[in-house]
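As structure tokens, the structure follows; a few thoughts come after it.
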Amino acid sequence: MNLNPLKFFQKNTANKIKNHIENNDLGKAGSLLAKKFTAIKTCQKKLRVKLSQNTKEKDEQKLEAALETQDKRYERYLNLQTSYSTAYTAKIREELYKRLQTSSTSV
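What follows is the structure, given as structure tokens:
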């Protein structure tokens with residue numbers, strides 16, 4: 001059983017997400033974030049199931065370490081999600097402001 005579906009993603013996914021946010025390409029950033037969160041949550045669930053079924057102490061330590069790593073990854077991507085949300089909100093405000101300016105000058 002593959003416990004790490006995150007191998008599917010390139011190691012620099014976090015950098016790609018940051019670049020998309022900085023370049024205001026929020027659609028791609030949101031898509032990558034969603035995929036990453038799904039992969040992390042899936043891996044965490046599999047690890048928890050394996051951990052609950054495990055009886056060997058040595059394996060238990062490995063599984064707990066792997067679960068801790070996944071928790072850290074989740075936290076890192078949660079911080080990226082915050083950056084994404086801030087950028088997305090700013091983009092929406094900017095578009096609304098432009099619409100207001102356009103509608104007020106055309107009246």
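Residue numbering for the sequence shown follows UniProt numbering, beginning at 1 and increasing consecutively. In this text, a Cβ means the ideal position worked out from N, Cα and C, and glycines have one as well.
Inter-segment contact for the segment 60 to 67 and the segment 77 to 89 is absent: fewer than three beta-carbon pairs are separated by less than 8 Å. Under the three-state reduction of DSSP, Asp71 is assigned to helix. Just so you know, the alpha carbons of Asn54 and Gln70 end up roughly 18 Å apart. Out of Arg99, Lys72 and Thr102, the CA that lies nearest to the CA of Lys41 is found in Lys72. Shortest Cα-Cα distance from Glu68 to any of Cys43, Ser85 and Tyr88 involves Cys43.
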